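Below is one structure, written out as C-alpha cells; the observations come after it.
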Amino acid sequence: MSALRMVILGRQGSGKGTQSLRICEAHGCIHVSTGDMLRSAVAQGTELGLQASKIMDAGGLVSDEIMNGIVAERFSHSDISEHGVLLDGFPRTVDQANALERILGSLSQDLRIALNLDVPIEIVTQRMLDRRREDDTPEAIRRRLELYETQTAPLLDWFTSRDLLSTIDGVGTEDEVFARIDAAIGARS
Ligand code: ADP
Numbered sequence: 247m248s249a250l251r252m253v254i255l256g257r258q259g260s261g262k263g264t265q266s267l268r269i270c271e272a273h274g275c276i277h278v279s280t281g282d283m284l285r286s287a288v289a290q291g292t293e294l295g296l297q298a299s300k301i302m303d304a305g306g307l308v309s310d311e312i313m314n315g316i317v318a319e320r321f322s323h324s325d326i327s328e329h330g331v332l333l334d335g336f337p338r339t340v341d342q343a344n345a346l347e348r349i350l351g352s353l354s355q356d357l358r359i360a361l362n363l364d365v366p367i368e369i370v371t372q373r374m375l376d377r378r379r380e381d382d383t384p385e386a387i388r389r390r391l392e393l394y395e396t397q398t399a400p401l402l403d404w405f406t407s408r409d410l411l412s413t414i415d416g417v418g419t420e421d422e423v424f425a426r427i428d429a430a431i432g433a434r435s
C-alpha cells in the first residue's frame with residue numbers, strides 16, 4: 247500500500263492532537279505537529295523558539311515564511327516518504343496550503359485527504375478553559391479562535407476545490423470520533 251499523506255484541520259480544542267495520535271498508530275504514518283515542533287524549539291531555547299514563544303503566548307500565528315521553511319525541511323527526511331504523514335497544525339493559512347502543494351509537487355507526492363474535525367466554537371472554548379494549558383488564557387483562546395475563522399477556515403474551501411475535504415463530526419466520545427475518521431479515510435483509500 248502506498249504511504250498515506252493526510253492533513254487534519256479543526257479548531258483549537260477540537261481533539262485534533264488526540265485523534266492524530268490514534269490515526270498514526272492505526273495507519274503507521276508520521277505525526278507532524280507544527281505546534282509540537284514549535285514548543286520543542288521553545289523548550290530548547292533555540293533562535294526559532296525565542297521568536298515563536300511570544301507569538302504563541304499571545305495566541306498569534308508564526309509567520310508563513312518561517313512555518314513553510316520548517317515544514318519543507320521536515321519533508322526532506324525520508325521517514326515521511328516511507329511511512330506517510332499526518333500534518334497537524336499545518337497548513338493554517340492559504341499561503342501555507344500553497345506552500346504545501348509546492349513541497350509535495352517537488353517530491354512527486356500527493357495528499358489523500360484533508361480531515362476537518364468539526365466542533366462548534368462554544369464547545370471548544372469550554373474544553374480549552376477546562377484543560378488549563380499554560381498558553382490557554384481566555385484572551386489567547388479568543389484570539390486563536392478568531393484567527394481560525396479568518397485565516398484557517400478559508401482552507402476548507404481550498405481543500406474542497408481540490409476534492410480532498412472530509413468533514414467529521416467531532417462531538418462524541420474519543421472512540422466514536424475515531425471511528426468516523428477511520429471510515430472517512432477508508433472511503434478514500
Ligand atoms: P492549538 O491547536 O491549540 O493552537 P498547536 O499546537 O497547533 O495548538 O499550535 C500552538 C501555537 O503554535 C499556535 O497558537 C501558533 O501560535 C503556533 N503555530 C503552530 N502551527 C502554526 C502554523 N502552521 N502557522 C503559524 N503558527 C503556528
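Be aware that the sequence shown starts at 247, since it is given in our numbering, and climbs by one per residue.
The beta-carbon is built from N, C-alpha and C at its ideal position, and this holds for glycine as well.
Keep in mind that this is a model prediction, so the values were computed, not measured.
Asked                                                                                                   : Found
Own chain residues within Cβ distance below 6 Å of H277, not counting five before or after              : S266, C270, L332
Contacting residues, own chain, Cβ-Cβ under 8 Å from W404 (five flanking each side not counted)         : V340, A343
Cα-Cα separation, H323 to Q290                                                                          : 21 Å
V331 - partner residues in DSSP beta bridges                                                            : R251, I276
Buried versus exposed call for Q258 [16 or more other C-beta atoms within 10 Å across all chains shown] : buried
Endpoints, the beta strand (DSSP E) within which L375 is located                                        : Not the beta strand (DSSP E): L375 falls in the alpha helix (DSSP H), residues 367-377.
Exposure label - R390; buried when at least 16 CB within 10 Å                                           : buried
Cβ-heavy atom distance, L307 to ligand 1, below 7 Å                                                     : yes
Rounded C-alpha distance that separates Q297 from L307                                                  : 11 Å
Alpha helix (DSSP H) segments (min. 4 residues) lying fully within the stretch 282-355                  : 293-303, 310-321, 324-329, 340-352
Among I312, S327, K300, nearest to G274 - alpha-carbon criterion                                        : S327
Distance CB(A249)-CB(D428) smaller than 8 Å                                                             : no
At least 3 beta-carbon pairs within less than 8 Å: the stretch 366-377 vs the stretch 310-317           : no
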